[in-house]
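I have placed the structure first, in the form of structure tokens, so that the comments after it can refer back to it.
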Amino acid sequence: MMVAGALALGGIVGSFLNVCASRLPNGRSLWRPGSACPACAHPIRWYDNVPVLSFMVLRGRCRDCRAPIAWRYPGVEFGTALLFALAYVHLGLGWELALAFVFLSALMVITVIDLEHQLIPDRITLPVIAAGFLASVVLGRPSWPHSLLGIVVGGGIIYAIILGSRLVMGVEGMGGGDITLAAMLGAFLGWKLLLLGLFLAVLLGAGVAVALLATGRRGGKDPIPFGPFLALGGAVSLFWGKEILQWYLRGFVG
Ligand SMILES: [Zn+2]
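See below:
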């Protein structure tokens, strides 16, 4: 029952995140006007706006002009639903779950915007950093010094990588948005799980970059946004970070 509730809530939130991802980069209002088909501008009826299900009923096409609906829309709704259900299974009901919903929603919308526009808006990261730190002060998980250290270490490491790659190789890899995104991870995860998240992000990013270059799908100069890897590393660290660290330290010591 509760898992179904988490799935449904995730679908609804995912639908809103789609609106955010479409409008925030252009500076448009999130609330007005209501959603419309990007091809024919016909307003979307409430019964055609049910997460995931409407896409299936409409077979991926606008009811009015039959233009295809981008896969991003049901994808984000479905993905957010799965993440919310996973969070409920891991955390159970409580404030920690509410906090995880905020964190995962931010990661999802940042991933979509970075993939589509190669930018990470401060309008999302800065308030979410503040929310994560405030929550650590109130709830104590992670403790606020760990959260604060996470913000500083996360932002600092990415800043150092950007400076280093500029000086040593003369390339622009990551952007300023990656600094605030890493700080956001630190605010929610604390510095230990943040370091694991960063490590996973670099590992995943390097793996995908090598694969894209090797298969010739990207040239050496095409930018590959790093935000989605940070988001993925942060989510994995949120769900399985403690287990991974325990497993790693056991292997290291014994
Ligand atoms: Zn249409």
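Letter by letter, the sequence shown follows residues 11 to 264 in the numbering used here. Heads up, the beta-carbon is just placed ideally off N, CA and C, and yes, glycines get one too. Note that the coordinates shown come from a computational prediction; the quantities given were computed from them, not determined experimentally.
*Closest Cα partner of G164 within the set V62, F26, F209, M118*: F209
*Would you kindly check if the distance between the Cβ of G15 and the Cβ of A91 is under 7 Å?*
no
*Please report the Cβ distance between T278 and T135, rounded to the nearest whole angstrom; I am assuming they are in contact, meaning their Cβ atoms lie under 8 Å.*
It is not possible to answer for residue 278, since the shown part of the chain is limited to 11 through 264.
_Give me the pocket residues for ligand 1, defined as CB within less than 6 Å of any heavy atom, sorted by chain position._
C47, A49, C50, H52, C72, D74, C75, A77
_So the candidates are A193, G185, P84; which of them puts its Cα closest to the Cα of P137?_
A193
*Beta-carbon gap between L211 and L255 smaller than 7 Å*: Residue identity check: residue 211 is Ala in the sequence provided, not Leu. Not in contact: A211 and L255 (Cβ atoms no closer than 7 Å).
_Can you find the residues in the same chain that come closer than 8 Å, C-beta to C-beta, to H127, ignoring five residues on each side of it along the sequence?_
P35
_Inter-stretch contact (C-beta, 8 Å, three-pair minimum) for the region 74-81 and the region 43-54_ = yes
*Expressed to the nearest angstrom, what Euclidean distance is found between the alpha-carbon atoms of R76 and H52?*
11 Å
*Where does the unbroken alpha helix (DSSP H) through P43 begin, and where does it stop?*
Taken as a continuous stretch (DSSP letters only), P43 belongs to no alpha helix (DSSP H), as it is neither H nor E.
*What residue range is occupied by the uninterrupted alpha helix (DSSP H) comprising S32?*
12-33
*Determine the DSSP secondary structure at P238, reduced to helix, strand or coil.*
helix
*Fully enclosed by the region 97-131, which alpha helix (DSSP H) runs are 4 residues long or longer?*
105-127
*Return the first residue and the last residue of the alpha helix (DSSP H) that D74 is part of.*
Where D74 is concerned, there is no enclosing alpha helix (DSSP H), given that its DSSP letter is neither H nor E.
*Using the DSSP secondary-structure output, state which residues sit across from P53 in a beta bridge.*
A46
_Spatial distance of A170 from F65 (CA atoms)_ = 44 Å
*What number of angstroms, rounded off, separates the C-alpha of D58 from the C-alpha of P43?*
16 Å
*Straight-line gap, L205 to G237 (C-alpha atoms, nearest Å)*: 15 Å
*With DSSP as the reference, label N59 as helix, strand or coil.*
coil
_For a quick check, are the C-beta atoms of I130 and I120 less than 7 Å apart?_
yes
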